[in-house]
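Novice:
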Amino acid sequence: MVSTITGRCLCGRVKYEFSGSIGPATYCHCEDCRRCTGSAFNIGVRLALADFRITSGDPKSFTKRGDSGRELTRHFCPDCGSPLFTSAPGHPNHIYVKAGTLDDPGIVEPGHQSWVESAVPWSRINPNLPSFPRGSG
Ligand SMILES: [Zn+2]
Ligand SMILES: [Zn+2]
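Residues in the sequence shown are numbered consecutively from 1268, following my numbering.
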């Protein structure tokens, strides 16, 4: 079954669309992902590039060689700065969309995590921590 998946940045200038079935989500704890997300780790969802299109806006990009030795290009909104997706010359047929930019984040299926050795201790979710469905009041 082919469904259309949409996503966007925080301000809504950049929007994308994808028709197809999404790949697994990868959690990456590497330092570059920590810095570019501003959070503990990145969650990337693999999509086939051929079925992916930008429907609004013109993302900016930044290319850097990662700890793996491979170059990654990260694409983000030029207005609000939201990280949107990553492409890699080593994987020319796929892109990796940031899970949190999907309009329906419920479709994300966690696959595995990588660069766990770089994980910060505060990135693990402690089951004993108090949990709140929304704000902590
Ligand atoms: Zn934006
Ligand atoms: Zn990473």
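Where is the CB? At the ideal position from N, CA and C, for every residue including glycine.
From a predicted model like this one, the values you see are computed outputs, not experimental measurements.
1. Tell whether a beta-carbon distance below 8 Å holds between residue 1323 and residue 1282.
2. Any idea which residues DSSP pairs residue 1377 with across the strands?
3. In the DSSP assignment, find the beta strand (DSSP E) that holds residue 1341 and state where it starts and stops.
4. Any heavy atom of ligand 1 within a distance shorter than 7 Å of the CB on residue 1346?
5. Consider the C-beta atom of residue 1309 and the heavy atoms of ligand 2; say whether any pair is separated by less than 7 Å.
6. Under 8 Å between the Cβ atoms of residue 1301 and residue 1307?
7. For a quick check, are the C-beta atoms of residue 1311 and residue 1353 less than 8 Å apart?
8. Just list the residues that DSSP pairs residue 1364 with in beta bridges.
9. According to DSSP, is residue 1332 part of a helix, a strand, or is it coil?
10. Beta carbon of residue 1391, beta carbon of residue 1344: below 8 Å?
11. Alpha carbon to alpha carbon, how far is residue 1355 from residue 1347?
12. With respect to the beta strand (DSSP E) encompassing residue 1284, which residues constitute its N-terminal and C-terminal limits?
Specialist: Taking the geometry as given:
1. In the sequence shown, residue 1323 corresponds to position 56, counting from 1. In the sequence shown, residue 1282 corresponds to position 15, counting from 1. Their beta carbons are under 8 Å apart, which means residue 1323 touches residue 1282 by this criterion.
2. Along the sequence shown, read from residue 1 onward, the residue named residue 1377 stands at position 110. According to DSSP, residue 1377 bridges with 1292.
3. Looking up residue 1341 in the sequence shown gives position 74. Where residue 1341 is concerned, the enclosing beta strand (DSSP E) starts and stops at 1338–1343.
4. Along the sequence shown, one-based indexing puts residue 1346 at 79. It does: the Cβ of residue 1346 is within 7 Å (strictly closer) of some heavy atom of ligand 1.
5. Translated into positions along the sequence shown, residue 1309 becomes position 42. Judged by the Cβ position, residue 1309 qualifies as a neighbour of ligand 2 at the 7 Å threshold, a heavy atom of the ligand being closer than this.
6. Residue numbering aside, residue 1301 sits at position 34 when the sequence shown is read from its first letter. Residue numbering aside, residue 1307 sits at position 40 when the sequence shown is read from its first letter. Taking the C-beta atoms as reference points, residue 1307 is found nearer than 8 Å to residue 1301.
7. The sequence position of residue 1311 within the sequence shown is 44, counting from 1. The sequence position of residue 1353 within the sequence shown is 86, counting from 1. In this structure, residue 1353 lies closer than 8 Å to residue 1311 by Cβ.
8. Mapped onto the sequence shown, residue 1364 falls at position 97. For residue 1364, which the question treats as bridged, DSSP gives the partners 1312 and 1352.
9. Residue numbering aside, residue 1332 sits at position 65 when the sequence shown is read from its first letter. Annotated three-state conformation of residue 1332 is strand, per DSSP.
10. Position 124 of the sequence shown, counted from the start, is the residue given in the question as residue 1391. Position 77 of the sequence shown, counted from the start, is the residue given in the question as residue 1344. Here residue 1391 is not near residue 1344, since their CB atoms are 8 Å or more apart.
11. By 1-based counting over the sequence shown, the position of residue 1355 is 88. By 1-based counting over the sequence shown, the position of residue 1347 is 80. Between residue 1355 and residue 1347, the C-alpha separation is close to 23 Å.
12. Residue numbering aside, residue 1284 sits at position 17 when the sequence shown is read from its first letter. For residue 1284, the uninterrupted beta strand (DSSP E) run begins and ends at 1282–1287, by DSSP.
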